[in-house]
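Participant: Got a structure for you, written out below as structure tokens; questions coming shortly.
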Amino acid sequence: MRTFTKAAVTGIVGATALLGMVSLVVGSDESSLTDPIPLHRTSNVVGDAISTYRDFLMSGGPPPDGIPSIDSPRFVSAAQARLDPQDLVIGFHHGDEARAYPQKILVYHEIVNDRVGGLNVAITYCPLTATAQGFERGSTTLGVSGQLLNSNLVMFDRESGTLFSQIAATGLRGKHQERTLVEVKLIWTTWERWRARYPNTRVLSERTGHLRNYTRDPYGSYNPLGGYYSQPRTIFPLLHTSRRQHAKAMVLGARTAEHSAYFLMADLARDRVLRTDHFLAVHDADLDTGYIYRMPRTPVGVQAASGGMYEVD
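Taking my numbering, the leading residue of the sequence shown gets 96, the next gets one more, and so forth.
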């Protein structure tokens, strides 16, 4: 059976104002651990794109760290968590540990610097694009820069001050410009689904050290869908737009230096498996999420994490 390369990460991404999931497909053997923050030797953004991105950087209003990251996170047990079954969480599992980061907390902080299963990670979320992506952070921490690119979070690492685009996962300015972060797989799902998969999960506590109303999302609501999340408008300008889908359609996306693609989540949930010439997406019904695989040159099938085997036409 032909082997498929699984994407390094799944998360929620907005590209050209489309909201959905993202996967960066880069082999882990390409990473360099000599820097305080792990980076790939190659970039998934090439050519003139970096200079275009730099020119399009803009202030989102707050100064650096004006939106405070959570750098000393506290956690509670699943039984202690004050979450409704349909509340959205960003899940991460590594080694023997599972974490759930409630969206209603992340919307106020955007970055949680954590250590899970012995791995230092940054869990990041941008409410403007509904993007959740995880990164290895090494010995440094990531903060919210206050700048935006394409209406999306721009982070900075506190060791070098390099600005990193969340969606592109690539340095825009500073010591590590044109270098790409090493991503980890995150899962966007409901509390009910995540707890069923990982009953011993720990949950990010509302005791963050900051005074916030974690019962209210200032942007709107996902259940029921309303406010900014349901409107076609964006608050900040975009480099490109598309009318092929609703501006806030949820998609599962993937990108390498050579190729990119997106799959509508509604289509993936219905069809279970979707493909392009370079990527294959498989739906996980238990978590209502998806995973992306890089297609081999002569694909014949793929075995999903659930154990199911899918034939590829």
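Glycine residues also receive a C-beta, built at the ideal position from the N, C-alpha and C atoms.
Should residue 290 go down as buried or exposed, given a rule of 16 or more other Cβ atoms within 10 Å for buried?
Facilitator: Sequence index remark: in the sequence shown, residue 290 carries index 195 (1-based). Flag for residue 290 reads buried.
Participant: Leaving out five residues on either side along the sequence, give the residues of the same chain with a beta carbon under 8 Å from the beta carbon of residue 183.
Facilitator: The sequence position of residue 183 within the sequence shown is 88, counting from 1. Excluding five sequence positions before and after residue 183, the CB atoms of its chain that fall closer than 8 Å to its own CB belong to 197, 198, 199, 283, 284, 285, 286, 317, 318, given in chain order.
Participant: For a test of the three-state rule: what should DSSP assign to residue 356, helix, strand or coil?
Facilitator: For the purposes of this step, residue 356 is taken as the residue at position 261 of the sequence shown. DSSP places residue 356 in strand when its eight states are reduced to three.
Participant: To which residues does DSSP link residue 285 through a beta bridge?
Facilitator: Locating residue 285 in the sequence shown gives position 190, where the first residue counts as 1. Paired residues: 183.
Participant: Quick one: grab the DSSP three-state call for residue 209.
Facilitator: Locating residue 209 in the sequence shown gives position 114, where the first residue counts as 1. Three-state result, residue 209: strand.
Participant: Please give me, in chain order, every unbroken run of the alpha helix (DSSP H) with length at least 4 that falls completely inside the segment 237–321.
Facilitator: 286–292
Participant: For a test of the three-state rule: what should DSSP assign to residue 204, helix, strand or coil?
Facilitator: Residue numbering aside, residue 204 sits at position 109 when the sequence shown is read from its first letter. Three-state result, residue 204: helix.
Participant: Please classify residue 335 as buried or exposed, where buried requires at least 16 other C-beta atoms within 10 Å of its C-beta.
Facilitator: On the sequence shown, position 240 is the one that residue 335 refers to. It counts as exposed.
Participant: Whose CA, out of 351, 158, 180, lies closest to the CA of residue 277?
Facilitator: Position 182 of the sequence shown, counted from the start, is the residue given in the question as residue 277. Nearest of 351, 158, 180 to residue 277, Cα basis: 351.
Participant: Within 10 Å of its beta-carbon, does residue 345 have 16 or more other beta-carbons around it, so buried, or fewer, so exposed?
Facilitator: Locating residue 345 in the sequence shown gives position 250, where the first residue counts as 1. The residue is buried, with at least 16 neighbouring Cβ atoms inside 10 Å.
Participant: Between which two residues does the beta strand (DSSP E) carrying residue 384 extend?
Facilitator: Within the sequence shown, the letter at position 289 stands for residue 384. Residue 384 -> beta strand (DSSP E) spans 384–389.
Participant: With which residues is residue 194 paired in a DSSP beta bridge?
Facilitator: Residue mapping note: residue 194 aligns to position 99 of the sequence shown, counting from 1. Its beta-bridge partners are 187, 297.
Participant: I'd like to confirm the pairing. Which residues does DSSP put opposite residue 154 in its beta bridges?
Facilitator: As a first step, residue 154 must be located in the sequence shown, where it is residue number 59. Answer is 242, bridged to residue 154.
Participant: Which residue marks the beginning of the beta strand (DSSP E) containing residue 323, and which one marks its end?
Facilitator: Along the sequence shown, one-based indexing puts residue 323 at 228. Unbroken run through residue 323: none, as it is neither H nor E.
Participant: Considering just the uninterrupted stretch of the beta strand (DSSP E) at residue 229, what are its terminal residues?
Facilitator: Translated into positions along the sequence shown, residue 229 becomes position 134. Element bounds for residue 229: 226–231.
Participant: Secondary structure at residue 333, three-state DSSP: helix, strand or coil?
Facilitator: Locating residue 333 in the sequence shown gives position 238, counting from the first residue. Coil.
Participant: Just the C-alpha distance for residue 386 and residue 358, rounded to the nearest angstrom, thanks.
Facilitator: Position 291 of the sequence shown, counted from the first residue, corresponds to residue 386. Position 263 of the sequence shown, counted from the first residue, corresponds to residue 358. If you take the alpha carbons of residue 386 and residue 358, they lie about 11 Å apart.
Participant: Give the secondary structure of residue 219 by DSSP, where H, G and I count as helix, E and B as strand, and everything else as coil.
Facilitator: As a working mapping, residue 219 is identified with position 124 in the sequence shown. It is a strand residue.
Participant: Once you ignore the five residues that flank residue 161 on each side, which residues in its own chain have a CB closer than 8 Å to its CB?
Facilitator: Mapped onto the sequence shown, residue 161 falls at position 66. Taken in chain order, the residues that qualify are 239, 241.
Participant: Is the distance from the Cβ of residue 374 to the Cβ of residue 349 below 7 Å?
Facilitator: Position 279 of the sequence shown holds residue 374. Position 254 of the sequence shown holds residue 349. Result yes, Cβ atoms of residue 374 and residue 349 sit closer than 7 Å.
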